[in-house]
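In the numbering used here, the protein residues as written are 175 to 392. Taking it in order: structure first as structure tokens, then the write-up.
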Ligand SMILES: [Zn+2]
């Protein structure tokens, strides 16, 4: 097991949890969902003192992906060439529309994103010395993915599931039934003891949400 360290950097006016995850033993890790404020994220990476191996995206919303290319450039300028990986290609239309969305919300510094590699259900990615399974969990967005490490008993769920909440589905492309199905068929089977980190608000466990999340009551 790696000596796993994690820290979150709240980014954009949406206070999205950009997650830094690294192995303190090797001082290598990944950045999940750098939605904006790339220089703030870059400073947090420097403070944590690890080498970034990849930028991983759960879905295409501006507050999760709008800082990915700016961060990739900052890292490249510092001599670290890293790929942007994910989400599922069904979120391409969102990644292509980030600057338009940012203009609507009046947020500066966000950019459209072209990932170096798309992900799909069944893929695996390496991050912080762990192998993460890629789970396609549509509903909040069509191409949303979740990263799950069965070994570390941890999942990075983006905007699928929150403590006492679930992702919004009131977008034209949102699908409430698909979201609930994603949670029940992909996340619940991970196990009650699995901790998850989400895009907004505090972390929780699969078991706590399975038992008491009001949106998931039987
Ligand atoms: Zn979202």
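Ideal Cβ positions, reconstructed from N, Cα and C, are used throughout, including at glycine.
Between which two residues does the beta strand (DSSP E) harbouring residue i extend?
i: residue 358; result: First-last for residue 358: undefined, no H or E at that position.
i: residue 310; result: 304-310
i: residue 274; result: Taken as a continuous stretch (DSSP letters only), residue 274 belongs to no beta strand (DSSP E), being part of the alpha helix (DSSP H) at 272-279.
i: residue 258; result: 257-259
i: residue 206; result: 202-206
i: residue 315; result: Careful: residue 315 lies outside any beta strand (DSSP E) and carries neither H nor E.
i: residue 301; result: 298-301
Count the other CB atoms, across all protein chains shown, that sit within 10 Å of the CB of residue i; report buried if there are 16 or more and exposed otherwise.
i: residue 376; result: exposed
i: residue 204; result: buried
i: residue 250; result: exposed
i: residue 243; result: buried
i: residue 264; result: buried
i: residue 280; result: exposed
i: residue 316; result: buried
i: residue 199; result: exposed
i: residue 383; result: buried
i: residue 278; result: exposed
i: residue 240; result: buried
i: residue 254; result: exposed
i: residue 363; result: exposed
i: residue 209; result: buried
i: residue 290; result: exposed
At what residues does the alpha helix (DSSP H) containing residue i begin and finish?
i: residue 322; result: Not the alpha helix (DSSP H): residue 322 falls in the beta strand (DSSP E), residues 319-323.
i: residue 380; result: 380-386
i: residue 269; result: 266-269
i: residue 222; result: 212-222
Among all the DSSP beta bridges, which residues are the ones paired with residue i?
i: residue 342; result: Paired residues: none, contrary to the question.
i: residue 332; result: 372
i: residue 287; result: Residue 287 is not bridged to any residue.
i: residue 197; result: 178, 202
i: residue 184; result: 191
- request: State whether the segment 177-190 contacts the segment 260-270, with contact taken as three or more CB pairs (one from each stretch) at a distance under 8 Å.
  value: no
- request: Could you tell me whether the segment 363-372 touches the segment 325-334, using the rule of 3 or more Cβ pairs below 8 Å?
  value: The way I'd put it, the segment 363-372 does touch the segment 325-334; three or more beta-carbon pairs between them come closer than 8 Å.
message: Quick check: the segment 211-220 against the segment 299-317, are at least 3 beta-carbon pairs closer than 8 Å?
response: no
field: beta strand (DSSP E) runs contained entirely in the segment 225-255, provided each spans 3 or more residues
entry: Runs found: 225-230.
- prompt: Given 8 Å as the limit, is there contact between the segment 338-348 and the segment 276-284, that is, 3 or more CB pairs closer than that?
  reply: Below 8 Å, too few C-beta pairs join the segment 338-348 and the segment 276-284 to call them touching: fewer than three.
- prompt: Is the number of C-beta pairs between the segment 307-321 and the segment 214-228 that are closer than 8 Å three or more?
  reply: no
task: Inspect the CB distances between the segment 349-369 and the segment 237-256 and report whether three or more fall short of 8 Å.
output: no
query: Does the count of Cβ pairs from the segment 352-364 and the segment 308-315 closer than 8 Å reach three?
result: Enough Cβ pairs lie closer than 8 Å, so yes.
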